[in-house]
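Scroll down for the structure; my scribbles are underneath it.
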Amino acid sequence: MLSSYLFLQLVCIALFIYGIRLMNSPETAVGGNLIGALGMAGATIMTMLEAEVLTVGTVWAGLLVGSALGVWLASAVKMIQMPQMVALFNGFGGAASFMVATLTALQGGLNTFALFTSGLAIVVGGVTFSGSLVAAAKLHGLMKQRPVHLKGHNTYLWVSGFVMVLAVIGMTFQIGTPGLHAALLIIFSHLFGCVFTIRVGGADMPITISLLNSFSGVAGSVAGFALPNGALLVVVGSIVGASGLILTQIMCRAMNRTLLDILLGRTTVLPGSAAQTGSQAPLEPAPEGAPEPAQPDLPSWQEALCGAEKAAIIPGYGMAVAQAQLQVKQLAELLESRGAEVRFGIHPVAGRMPGHMNVLLAEVDVPYDKLCELDEINAFLEQADLAVIVGANDVVNPAAMEAEGTPIYGMPIIRADLAKNVLVCNYDTKPGYAGVDNSLYKMDKVHLLLGDAKDSLAELIAVLKGGTAERPDGPEQDAAPEESPAALIKAAQRVVIVPGYGMAVAQAQAQVKFLVDLLQSWGKRVEIAVHPVAGRMPGHMNVLMAEVDIPYELLLEMDQINDQFKDVDVVIVVGANDVINPAANTHEGTPIYGMPVLRASEARHVIVYNLDRSPGYSGVENTLYDMDHCIFVPGDAAVTLQALLEELRAAG
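Going letter by letter, the sequence shown gives residues 19 to 670 in our numbering.
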């Protein structure tokens, strides 16, 4: 029995290691995650078998509750809330470890080593749990994000640490009762975790989360030593602990600061302290009558944007707050369509968790090979015509090279200042979490577009679409004339029709059928994109299309068509609203935020035949209507489509 149990443990360990290996690449990360989950499921079942609790109802009830909670969190938590979610998961791992260790210590009959490891697991697990809760609260805005220094802060840490050492010694050598030692360890480990985490600033949370992740692994590994068959827990916990420590070390090096300085809150300027942004002496005023120095002939930001041949986009936490990653991708694609080479500069500590910017950009399918780390992007910026900063502050602040004595002095930064022109799409010019004024903002070649990053990026996108400036030494580009819906449809090779409840109300399915037949007779590729909740019942649009004999094979579900919209010449929307509203991807807090929608906005042209521009049943304004490539035709869909058909037939 023991040999088979060890074999199954090795299988689960192999699954975990292989899953982690697959997570090295974005292309295989999803598969790696699934393999890791399979390993966890196998380990759970195997442990239940070994403990002979496979038929205990309460155990299965706990598994079901935990699984349901996990599924709910996976679907309900927004991407911007992922850092605090990761912090909570770290905390749950620590809580599980100190609970297991506590129960093990209280059962009696343990040897000295098992008692020692139980006490140590309670300490590390308790610190991890309480510290993770504080980190999650800071990230979620429930606590101040700046470092909090308590009166006698270090005294709390020293006293709690001293008590924990005594309690571990007492538990190890069975001095007194195990229950008293366990209670002291639980209380003071939680106190220690809260007090040491509360002193860390919000901008340093990526490193703190990485450290707590390591602690959760260490806690699990130590708890495994206290169990009779804890080899699996020891190995997997060691992997998590080691990887977390390596990541923490890498991130500390990237910021050129020590872990101790971060944990002591020395990396953030406290309120009321003056942050110097340079050490230069004040400039002497120019003598009277002296000629003013010649100002360089700098281009406007519109000219710099449209004329860029090499552009770097530098995202930061402000992009996450504004949920502007989709606009960032659109900006990159437009620059590339004009012949520019585009790269994304990713600072290792940008955001609020390790890999925060990578996750957000992957969410909108930005190619991973365009993401550059610090050294690579800085070399690119030396030749770049343009740097576009989106919600980044401290990680691009030249004060890190100039302002000796400030918290960020010596921290490696992304050298946006090396680019010929810089566009800053930040909310305001206030200092970042380090509290140091950003000297980049005062440079002549820097253009500030302040406000919500999403709005600023929309302005950049509009300029690129409008072609307000010619590319230097490039061919002349005439602005495309505004065309009628009929002209656009006649010129199209591929057309997708998106029906909605408005088509049902107008009873316009017959006109849709006539339109499909006409376009197919001209040799065009025509398809119908059906959203699963379009209409007022499941399959509503399918029923209406079948009613007028539209072939079923022309109907495409959302997963089939969404990745193809970018290759579609014209999308014709007939009475659909919420199911094509891009606000579902961008407007956090609205009823449709996070709802999967048909990405009709990615097509080259969109023509909307809706009754009016009023919001759909969600009450959220449809941002598609205001896009430059969208033509809105108001009125009863049956009437407006009939007019379109007559115009097309006349033109044909």
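Beta carbons are placed, not taken as given, at the ideal position from N, Cα and C, and that holds for glycine.
CA nearest to the CA of S457, picked from T424, R271 and A480: It is T424 whose Cα lies nearest to the Cα of S457.
Tell whether a beta-carbon distance below 8 Å holds between S207 and M189. Cβ atoms of S207 and M189: not closer than 8 Å.
Could you give the residue range of the alpha helix (DSSP H) that holds I426? For I426, no alpha helix (DSSP H) segment is defined, and its DSSP state is neither H nor E.
The region 613 to 631 touching the region 573 to 592, judged by at least three CB pairs closer than 8 Å: Output reads yes: the region 573 to 592 touches the region 613 to 631.
Contact under 8 Å by Cβ, V406 with I479: In terms of Cβ geometry, V406 and I479 do not form a close pair [threshold 8 Å].
Does the region 213 to 232 come close enough to the region 122 to 137 to have 3 or more Cβ pairs within less than 8 Å? As far as the Cβ criterion goes, the region 213 to 232 does not touch the region 122 to 137, which means the pair count is below three.
Own chain, CB closer than 6 Å to T65, minus 5 neighbours either side, in chain order: Excluding residues within five positions, none has a Cβ falling inside 6 Å.
With distances taken Cα to Cα, identify the nearest neighbour of A201 among R370, N439, L124 and E45. Of R370, N439, L124 and E45, the residue nearest in Cα terms is L124.
Can at least three beta-carbon pairs, one atom from the region 439 to 451 and one from the region 391 to 401, be found at a separation below 8 Å? Taking 8 Å as the limit for Cβ pairs, the verdict is that the region 391 to 401 does not touch the region 439 to 451.
Give the straight-line distance between the Cα atoms of A340 and L251, rounded to the nearest whole angstrom. Rounded to the nearest whole angstrom, the C-alpha separation of A340 and L251 is 40 Å.
Check P165 in the structure and name its three-state DSSP category. P165: coil per DSSP, three-state reduction.
Coarse secondary structure for L56, derived from DSSP in three states: Note: L56 maps to helix in three-state DSSP.
How about I590 and A601: do their beta carbons lie closer than 8 Å? The answer is no: Cβ separation not under 8 Å.
Is L353 closer than 8 Å to L482 when the C-beta atoms are compared? The answer is yes: Cβ separation under 8 Å.
I649 - partner residues in DSSP beta bridges: Its beta-bridge partners are I625.
Where does H167 land, buried or exposed, given buried means 16+ other C-beta within 10 angstroms? Burial call: exposed.
At least three beta-carbon pairs within less than 8 Å, the region 463 to 475 to the region 539 to 559: No, because fewer than three Cβ pairs between the region 463 to 475 and the region 539 to 559 fall closer than 8 Å, the two stretches do not touch.
What residue does the beta strand (DSSP E) around F362 start on, and which one ends it? Note, F362: beta strand (DSSP E), E359 to G363.
Can you check the region 365 to 436 for any alpha helix (DSSP H) of at least 4 residues that lies completely inside it and give the ranges in chain order? List check, alpha helix (DSSP H) in window: 374 to 381, 392 to 399 and 417 to 420.
I'd like the list of long-range same chain contacts for G238, defined as Cβ closer than 6 Å, with 5 residues on each side in sequence excluded. S115, L251 and G255.
Can you find a CB in chain B that lies within less than 8 Å of the CB of D585? Absent from the structure: chain B. Only one protein chain is present.
Residue range of the alpha helix (DSSP H) that includes L81: Taken as a continuous stretch (DSSP letters only), the alpha helix (DSSP H) holding L81 covers G75 to A94.
Member of G373, G336, P372 and C324 whose CA lies at the smallest distance from the CA of L349: For the residues G373, G336, P372 and C324, the minimum Cα distance to L349 belongs to C324.
Would you mind listing the alpha helix (DSSP H) stretches within the region 107 to 162 that are 4+ residues and don't spill past its ends, in chain order? You should have 130 to 157.
Output needed for M371: all residues of its chain with C-beta closer than 6 Å, excluding positions within five of it in sequence on either side, in chain order. For M371, where only same-chain residues beyond five positions count, the Cβ hits under 6 Å are P101, V104, P224 and I227.
Please state whether DSSP places K328 in a helix, a strand or coil. Correct three-state label for K328: strand.
Since I believe S261 is in contact with N108 (beta carbons under 8 Å), could you give me their beta-carbon distance rounded to a whole number of angstroms? Taking a contact as a CB-CB distance under 8 Å, the pair N108 and S261 does not count as one, their CB atoms being some 13 Å apart.
Secondary structure of V597, DSSP reduced to three states: In the structure shown, V597 sits in a helix (DSSP, three-state: H, G or I).
Contact under 8 Å by Cβ, A368 with A329: Result no, Cβ atoms of A368 and A329 do not sit closer than 8 Å.
Our contact map puts V152 next to F210 with C-beta atoms below 8 Å; I'd like the distance itself, whole angstroms only. Rounded, the Cβ-Cβ distance is 11 Å, inconsistent with contact.
Own chain residues within Cβ distance below 7 Å of P303, not counting five before or after: Reliability fails at P303, whose pLDDT of 45 lies under 50, so the model's placement of it is uncertain and no value is given.
If you count every other CB in all the chains shown that lies within 10 Å of the CB of Y335, and 16 or more means buried, which is it? Y335 should be labelled buried.
Evaluate V588 with the Cβ neighbour count: other Cβ atoms within 10 Å of its Cβ, from every protein chain shown; 16 or more gives buried, anything less gives exposed. Counting other Cβ atoms within 10 Å of its Cβ, V588 reaches 16 or more and is therefore classed as buried.
Bridge partners for V13 per DSSP, in chain order? Any question about residue 13 goes unanswered here, given that the chain covers just 19 to 670.
CA-to-CA distance, A655 to A673, given in whole angstroms: This structure leaves residue 673 out entirely; the chain is present only between 19 and 670.
Nearest-angstrom Cα distance between W319 and Q345? Using only the alpha carbons, I get a separation of about 18 Å.
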